[in-house]
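In my numbering, the protein residues as written are 1 to 335. For every residue, glycine included, the Cβ atom is placed at its ideal position computed from N, Cα and C. Data first, discussion second: the structure below is written as structure tokens.
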Ligand code: PEP
Ligand code: MN
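Next comes the structure, spelled out in structure tokens:
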């Protein structure tokens with residue numbers, strides 16, 4: 001439940017109300033993101049207690065929490081969140097253009113990719129060091145040494161870096177990585193989400209392969225309920241009956257998230273399309289629909305990539321797309 005106090009309520013009075021509520025065995029949190037003075041109440045609120053709460057001095061309104069995800073919902077945080085990732089802001093009009101290989105393969109491959117991603121005007125680098133592969137016999141990633149390469153390259157170019165964390169025991173290895181990525185297959189790994197919620201690093205939370213928007217927001221809630229509010233949602237295509245694309249890019253997720261949540265949403269057209277010749281169209285559609293960013297796979301020699309080569313853009317394709325993305329993003333602001 002949320003209670004709203006008279007806007008003239010003094011700090012000392014708020015404290016008094018909080019201690020009265022605690023006497024009723026109700027946990028109280030202030031809601032700093034609301035424009036009014038509001039308190040979030042947790043606990044068993046019986047009819048009797050509700051009557052007492054309504055009569056407390058300065059209480060002007062009581063309101064039910066409408067959604068099962070509280071901290072991710074607009075009700076508790078009406079303004080769009082702006083998430084700081086290294087020196088880049090994401091959300092609230094700030095756009096993330098993230099590019100890089102599916103997997104980090106070698107120092108040369110990563111350096112070459114990062115150089116043209118940077119020159120193209122992207123503002124963040126991606127690269128997987130721990131890879132969730134469908135087959136246990138496929139390349140599983142370079143692991144810790146891959147993360148070290150990624151953070152060195154990012155630091156040299158002055159660009160934040162993002163990489164996927166697959167398990168709790170890997171968290172400590174990410175000290176020099178600017179943002180954790182939680183992959184689609186781990187969206188409901190609740191133990192991992194809770195542990196990431198205890199850190200203060202931003203998290204790019206991918207939508208599960210068959211997850212509903214509500215399940216996805218509940219996963220964000222798992223992270224946020226532990227204290228880490230720096231969550232960016234990432235739609236990467238969902239499973240449908242269609243086989244022409246690897247997954248189906250759910251453009252409506254952008255509209256739905258904008259309606260329900262304050263968290264930024266980034267689109268991954270690479271894993272949605274699965275084919276490089278479809279990526280430009282999906283990427284631009286996402287920008288026009290109001291996405292707060294894109295994450296796109298690219299490789300200097302896609303035909304030699306150890307993972308996701310078919311969906312990796314050639315360097316010149318990535319460069320041309322990045323230019324169009326920034327132009328369209330600017331144009332959308334003028335509408
Ligand atoms: C990836 O980003 O390379 C990846 C494995 O993504 P997803 O979890 O969306 O499949
Ligand atoms: Mn990939």
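Are residue 98 and residue 122 close, meaning C-beta to C-beta below 8 Å? Taking 8 Å as the cut-off, the Cβ atoms of residue 98 and residue 122 count as close.
Enclosing alpha helix (DSSP H) for residue 150 [first to last residue]: Counting along the chain, the unbroken alpha helix (DSSP H) around residue 150 starts and ends at 144-157.
Just the C-alpha distance for residue 301 and residue 314, rounded to the nearest angstrom, thanks. Residue 314 has its alpha-carbon roughly 7 Å from the corresponding atom of residue 301.
So is the beta-carbon of residue 206 under 7 Å away from any non-hydrogen atom of ligand 1? Yes, the beta carbon of residue 206 sits closer than 7 Å to at least one heavy atom of ligand 1.
For ligand 2, is there any heavy atom lying closer than 7 Å to the beta carbon of residue 172? Result no, Cβ not under 7 Å from ligand 2.
Quick check on the DSSP output: what are the complete alpha helix (DSSP H) runs of length 4 or more inside the region 57-144, in order along the chain? Runs of the alpha helix (DSSP H) inside the region 57-144: 107-120.
Any heavy atom of ligand 2 within a distance shorter than 7 Å of the CB on residue 102? Flag set: Cβ of residue 102 near ligand 2.
How about residue 208 and residue 227: are their beta carbons less than 8 Å apart? Contact flag unset, no.
Once DSSP output is grouped into helix, strand and coil, what is the label at residue 177? In this structure, residue 177 counts as coil in the three-state DSSP scheme.
Simplified DSSP assignment, three categories, for residue 293: Correct three-state label for residue 293: strand.
So does residue 132 have its beta carbon nearer than 7 Å to some heavy atom of ligand 1? Yes, ligand 1 has a heavy atom inside 7 Å of this Cβ.
Contact defined as beta carbons within less than 8 Å: I believe residue 26 pairs with residue 43. What is the distance between those atoms, to the nearest angstrom? That pair is a contact at about 4 Å.
Have a look at residue 284 and residue 4 and give me their C-alpha separation to the nearest angstrom. C-alpha separation (whole angstroms): 42 Å.
For residue 229, report the span of its beta strand (DSSP E) as first-last. That residue, residue 229, is in no beta strand (DSSP E); it is neither H nor E in DSSP.
Kindly list the residues whose CB is nearer than 7 Å to the CB of residue 303, restricted to its own chain and excluding five residues on each side of it in sequence; keep chain order. The residues are 309.
Any non-hydrogen atom of ligand 2 closer than 7 Å to residue 299 Cβ: Incorrect: residue 299 has no Cβ contact closer than 7 Å to ligand 2.
Using 7 Å as the cut-off, classify the Cβ of residue 308 as near or not near the heavy atoms of ligand 2, replying yes or no. Because some heavy atom of ligand 2 lies under 7 Å away, the Cβ of residue 308 counts as near it: yes.
Exposed unless 16 or more other CB atoms sit within 10 angstroms - verdict on residue 330: By the C-beta density criterion, residue 330 is exposed, having fewer than 16 other C-beta atoms within 10 angstroms.
Following the continuous alpha helix (DSSP H) through residue 327, name the residue where it begins and the one where it ends. Counting along the chain, the unbroken alpha helix (DSSP H) around residue 327 starts and ends at 315-334.
If contact is defined by three or more beta carbon pairs under 8 Å, each pair taking one atom from either stretch, is the region 152-166 in contact with the region 174-193? Taking 8 Å as the limit for Cβ pairs, the verdict is that the region 152-166 does touch the region 174-193.
Do residue 266 and residue 232 have their CB atoms nearer than 8 Å? Contact: yes.
Using the C-alpha atoms, what's the distance from residue 51 back to residue 344? Within the shown structure, residues of the chain are numbered from 1 to 335, placing residue 344 beyond reach of any answer.
Might you give, ordered along the chain, the residues of its own chain that have their beta carbon closer than 8 Å to the beta carbon of residue 256, omitting 5 neighbours on each side? Same-chain partners within the cutoff: 213.
Looking at the unbroken beta strand (DSSP E) that takes in residue 203, where does it start and where does it end? DSSP places residue 203 in the uninterrupted beta strand (DSSP E) bounded by 203-206.
Which of helix, strand or coil does DSSP assign to residue 257? Per DSSP, reduced to three states, the secondary structure at residue 257 is helical.
Any heavy atom of ligand 2 closer than 7 Å to the Cβ of residue 271? Distances from the CB of residue 271 to the heavy atoms of ligand 2 include at least one below 7 Å.
Under 8 Å, do residue 299 and residue 113 count as touching if we go by C-beta distance? Against a cut-off of 8 Å, the Cβ pair of residue 113 and residue 299 comes out as a contact.
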